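Novice: First, the structure itself, so that you have it in front of you.
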Amino acid sequence: MNTRFNITAAVAALVSSVALLSHAGAPAPLVEAPPSSALEQYFMQDYMLGDWGGLRTRLAENGVDFEFFYVGSMPTNLGGGIRAGSAYQHGFLAAMDLDTEKLGWWNGGHFHVSGVSLEGRPFADTYVGDLNKTNLVDFPADTRLWQAYYQQDLFNDKLIIKAGLMSVDRDFILPELYNSLASINFMNQTFFFPTMAFNLYDIPGFPEGSHSLPSTPYAALGALVKWQPVESFYIQAAIYDGNPDASSSGTRLALRAEEGALMYFETGFRLNQGKDDRGLPGNYKLGGYYHTDEFYDINSTILSMTPLPLDTAETHKGNYGVYLLAEQMLWRESGRDDPAQQGIVGFFRVAGAPSDRNLAEFGIDGGLVFKGLIPGRDYDTLGIGGSYLKISEEVSDAQRRINEFFTAAPFNAPAIEEADYEAVVEVNYKLQLAAWWTLQASLQYVFHPGGRAGAALAGDSTPDALVLGIQTTLRF
Numbered sequence: 048m049n050t051r052f053n054i055t056a057a058v059a060a061l062v063s064s065v066a067l068l069s070h071a072g073a074p075a076p077l078v079e080a081p082p083s084s085a086l087e088q089y090f091m092q093d094y095m096l097g098d099w100g101g102l103r104t105r106l107a108e109n110g111v112d113f114e115f116f117y118v119g120s121m122p123t124n125l126g127g128g129i130r131a132g133s134a135y136q137h138g139f140l141a142a143m144d145l146d147t148e149k150l151g152w153w154n155g156g157h158f159h160v161s162g163v164s165l166e167g168r169p170f171a172d173t174y175v176g177d178l179n180k181t182n183l184v185d186f187p188a189d190t191r192l193w194q195a196y197y198q199q200d201l202f203n204d205k206l207i208i209k210a211g212l213m214s215v216d217r218d219f220i221l222p223e224l225y226n227s228l229a230s231i232n233f234m235n236q237t238f239f240f241p242t243m244a245f246n247l248y249d250i251p252g253f254p255e256g257s258h259s260l261p262s263t264p265y266a267a268l269g270a271l272v273k274w275q276p277v278e279s280f281y282i283q284a285a286i287y288d289g290n291p292d293a294s295s296s297g298t299r300l301a302l303r304a305e306e307g308a309l310m311y312f313e314t315g316f317r318l319n320q321g322k323d324d325r326g327l328p329g330n331y332k333l334g335g336y337y338h339t340d341e342f343y344d345i346n347s348t349i350l351s352m353t354p355l356p357l358d359t360a361e362t363h364k365g366n367y368g369v370y371l372l373a374e375q376m377l378w379r380e381s382g383r384d385d386p387a388q389q390g391i392v393g394f395f396r397v398a399g400a401p402s403d404r405n406l407a408e409f410g411i412d413g414g415l416v417f418k419g420l421i422p423g424r425d426y427d428t429l430g431i432g433g434s435y436l437k438i439s440e441e442v443s444d445a446q447r448r449i450n451e452f453f454t455a456a457p458f459n460a461p462a463i464e465e466a467d468y469e470a471v472v473e474v475n476y477k478l479q480l481a482a483w484w485t486l487q488a489s490l491q492y493v494f495h496p497g498g499r500a501g502a503a504l505a506g507d508s509t510p511d512a513l514v515l516g517i518q519t520t521l522r523f
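Shown next, in the form of structure tokens:
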């Protein structure tokens with residue numbers, strides 16, 4: 048199927064879906080009933096299952112909070128990639144938080160525990176072949192412990208200490224405005240947690256190492272210290288197990304010196320987020336990470352699968368990366384007192400890492416989120432985003448050497464395409480059907496799925512792909 052000739056049809060389908068669905072939405076347009084109707088109140092309550100007869104509120108007032116989320120997603124590859132097709136993937140999250148002060152124990156303490164259950168066939172690896180996965184819940188199916196940590200707030204919340212099982216992306220490198228587990232605005236994973244950070248994962252097809260990244264839905268044993276002397280500034284650092292548990296249960300916990308440690312650092316500035324600030328809010332973050340273990344040289348690893356000699360060391364001590372994130376509300380419709388906070392938020396993120404030990408050496412992503420764009424649809428969002436991931440020059444160099452060797456006599460093999468980049472453009476619209484229910488349509492175009500890096504191993508590249516996604520979230 049020719050992907051480029053299906054863009055017009057796919058856009059038309061997306062627009063038609065949004066147009067049809069826009070007649071549903073936030074509680075008021077759902078039914079023609081007075082504001083006090085039972086049905087309208089049901090759609091306006093925070094949770095699908097309500098307040099449990101008042102029990103939920105009483106528990107929260109006494110320091111016990113529960114959260115339950117469901118995400119169901121059906122991405123469809125309309126053409127290009129590995130092959131056309133679709134899959135239904137879904138996940139369920141359960142979390143409990145204890146506030147020690149409300150429980151009458153001691154001040155400033157918080158316990159958190161959460162678990163996830165994921166189901167569905169792999170989509171990206173089966174249909175698209177992309178590095179920036181087009182579906183947020185595209186992970187191996189399992190039911191596992193996610194996070195379990197204790198947090199202590201000290202000196203009027205100026206110093207925060209946290210320890211236990213934690214995910215990096217809950218504390219670092221993540222946009223915050225218009226973005227949370229309950230309200231995620233893009234379906235492509237790179238806009239949630241950038242693909243550049245996944246350099247710490249072992250590369251498919253390469254010798255197995257001992258590195259993985261503790262990002263959602265995985266976690267690692269670790270500790271974090273955050274200092275925020277004023278409301279507008281903070282600095283934080285954390286250390287995590289260098290080889291977190293990747294088992295299906297998430298309960299095999301062990302710290303081994305030979306696996307190294309992963310350290311993250313970040314400093315940030317928060318603009319206009321105090322209770323008396325009237326300006327447009329923004330967040331600006333500068334950070335980085337360092338892993339202490341040894342990492343395979345990417346050029347040598349590729350060439351070791353051929354008869355060619357190796358010119359570089361086989362491993363390198365340590366791995367690292369740096370990043371910069373900026374997000375800013377650019378326009379607000381009705382002022383700070385608007386409960387929906389309608390307006391436009393822009394975000395931008397850039398990251399870099401050394402090319403000799405990483406699959407990708409540079410990544411950039413950004414976009415705009417419009418909230419309340421359509422009159423009467425105050426909580427709906429329109430998202431437009433793009434990302435670019437540069438495959439490491441060392442991969443391209445290895446491919447050039449392979450071409451020089453195998454295209455000459457006596458092999459006379461055809462040349463493989465050199466690795467270059469993977470890019471994604473996403474346009475989506477999310478309907479807030481109820482306070483606890485969203486429905487989202489997303490259209491993504493993936494340029495050079497896999498960045499043509501797979502050609503170094505498989506000898507061919509994957510064509511561009513067009514993906515249409517439908518996703519719903521429920522908060523119980």
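Each position in the sequence shown, counted from 1, maps to that position plus 47 in the working numbering. Backbone N, C-alpha and C fix where the C-beta goes; we use that ideal spot for every residue, glycine too. Since this is a predicted model, take the numbers as computed values, not measurements.
1) Would you call Trp483 buried or exposed, if buried means 16 or more other Cβ atoms sit within 10 Å of its Cβ?
2) Can you tell me the Cα-Cα spacing of Ala171 and Lys180, whole angstroms?
3) Looking at the secondary structure, which residues open and close the beta strand (DSSP E) in which Glu108 lies?
4) What residue range is occupied by the uninterrupted alpha helix (DSSP H) comprising Glu451?
5) What's the C-alpha gap between Tyr435 and Asp112?
6) Sort Arg105, Gln491, Leu377 by Cα distance to Gly390 and report the nearest one.
7) On a CA-only basis, which of Ser133, Asn319, Arg168, Leu300 is nearest Leu555? Give me that one, please.
8) Going by the beta-carbon positions, is the gap between Glu464 and Gly498 smaller than 8 Å?
9) Which residue spans inside the segment 323-402 form an unbroken alpha helix (DSSP H) run of at least 4?
10) Flag this pair as yes or no: are the beta carbons of Ala308 and Ile286 separated by less than 8 Å?
11) What number of angstroms, rounded off, separates the C-alpha of Gly524 from the C-alpha of Tyr331?
12) With respect to the alpha helix (DSSP H) encompassing Met234, which residues constitute its N-terminal and C-terminal limits?
13) Determine the closest residue to Phe409 out of Leu106, Gly419, Leu420, Arg396, with distance taken between C-alpha atoms.
14) Bridge partners of Lys209, per DSSP?
15) Cα-Cα, which of Lys149, Leu260, Val215 is closest to Ser270?
16) In whole angstroms, give me the CA-to-CA distance for Ala85 and Gln92.
17) Considering only the beta carbon of each residue, do Ala195 and Gly211 sit closer than 8 Å?
18) Quick check on Val184: does DSSP put it in helix, strand or coil?
19) Short of 8 Å in beta carbon distance, which residues of its chain neighbour Glu148, apart from the five on each side in sequence? Order them along the chain.
20) Looking at Thr428 and Asn232, is the spacing between their C-beta atoms short of 8 Å?
21) Let me confirm a value: Val118 is counted as buried when at least 16 other C-beta atoms fall within 10 Å, else exposed. Which label applies?
22) Between the C-alpha atoms of Gly289 and Ser402, what's the straight-line distance to the nearest angstrom?
23) Using only the alpha-carbon positions, how far apart do Asp467 and Arg168 sit?
24) Return yes when the Cβ of Tyr135 is within less than 8 Å of the Cβ of Arg528, no when it is not.
25) Can you tell me whether DSSP reads Gly30 as helix, strand or coil?
26) Using a Cβ-Cβ cutoff of less than 6 Å, which residues in the same chain neighbour Val416 once the five nearest sequence positions on both sides are dropped?
27) Excluding sequence positions up to five away, which residues of its chain have a Cβ less than 8 Å from the Cβ of His338?
28) When you compare the CB positions of Leu490 and Thr519, do they come within less than 8 Å of one another, or not?
29) Are the Cβ atoms of Gly432 and Phe238 separated by less than 8 Å?
30) Please check the pair Ala460 and Tyr476, which I expect to be a contact at CB under 8 Å, by giving their CB distance rounded to whole angstroms.
31) List the endpoints of the continuous alpha helix (DSSP H) containing Leu86.
32) How is Glu306 classed by DSSP in three states: helix, strand or coil?
33) Since Leu165 sits in a beta bridge, which residues does DSSP pair it with?
34) Taking 8 Å as the limit between beta carbons, can you name the residues of its chain near Ala407, skipping five residues before and five after?
35) When the Cα of Leu327 is compared with those of Glu374, Gln446, Gln283, which residue comes out closest?
36) Tell me the DSSP secondary structure of Thr147 in three-state form.
Specialist: Checking against the coordinates, here is how it stands:
1) By the 10 Å Cβ count, Trp483 comes out buried.
2) 6 Å
3) That residue, Glu108, is in no beta strand (DSSP E); its alpha helix (DSSP H) goes 102-108.
4) 440-453
5) 39 Å
6) Leu377
7) In the structure as shown, the chain begins at 48 and stops at 523. Residue 555 is therefore absent and cannot be evaluated.
8) no
9) Segments of the alpha helix (DSSP H) lying fully in the segment 323-402: 345-350.
10) yes
11) Any question about residue 524 goes unanswered here, given that the chain covers just 48 to 523.
12) Where Met234 is concerned, there is no enclosing alpha helix (DSSP H), given that its DSSP letter is neither H nor E.
13) Arg396
14) Gln198, Leu271
15) Reading off the sequence, residue 270 comes out as Ala, not Ser. Nearest of Lys149, Leu260, Val215 to Ala270, Cα basis: Val215.
16) 11 Å
17) yes
18) Residue state for Val184 is assigned as coil, using DSSP reduced to three classes.
19) Gly110, Asn154, Gly155, Gly156
20) yes
21) buried
22) Answer to the nearest angstrom: the Cα atoms are 20 Å apart.
23) So the two alpha carbons sit approximately 29 Å from each other.
24) The structure shown does not extend to residue 528, since the chain is modelled only from 48 to 523, so the question has no answer here.
25) The structure shown has nothing for residue 30, since the chain only spans 48 to 523.
26) When the five nearest sequence neighbours on each side are left out, the beta carbons in the same chain lying within less than 6 Å of the beta carbon of Val416 are those of Tyr225, Asn232, Val392, Thr428, Gly430, in order along the chain.
27) Leu247, His258, Gly289, Gly307, Ala308, Leu309, Met310, Gly365, Asn366, Tyr367
28) no
29) yes
30) Contact flag wrong, Cβ pair sits at about 47 Å.
31) Leu86 -> alpha helix (DSSP H) spans 85-91.
32) helix
33) DSSP output for Leu165 lists Gly138, Asp189 as bridge partner(s).
34) Here the set comprises Leu178, Thr242, Met243, Asn246, Ala400, Leu436, Lys437, Ile438, Ser439, Gly498.
35) Glu374
36) coil
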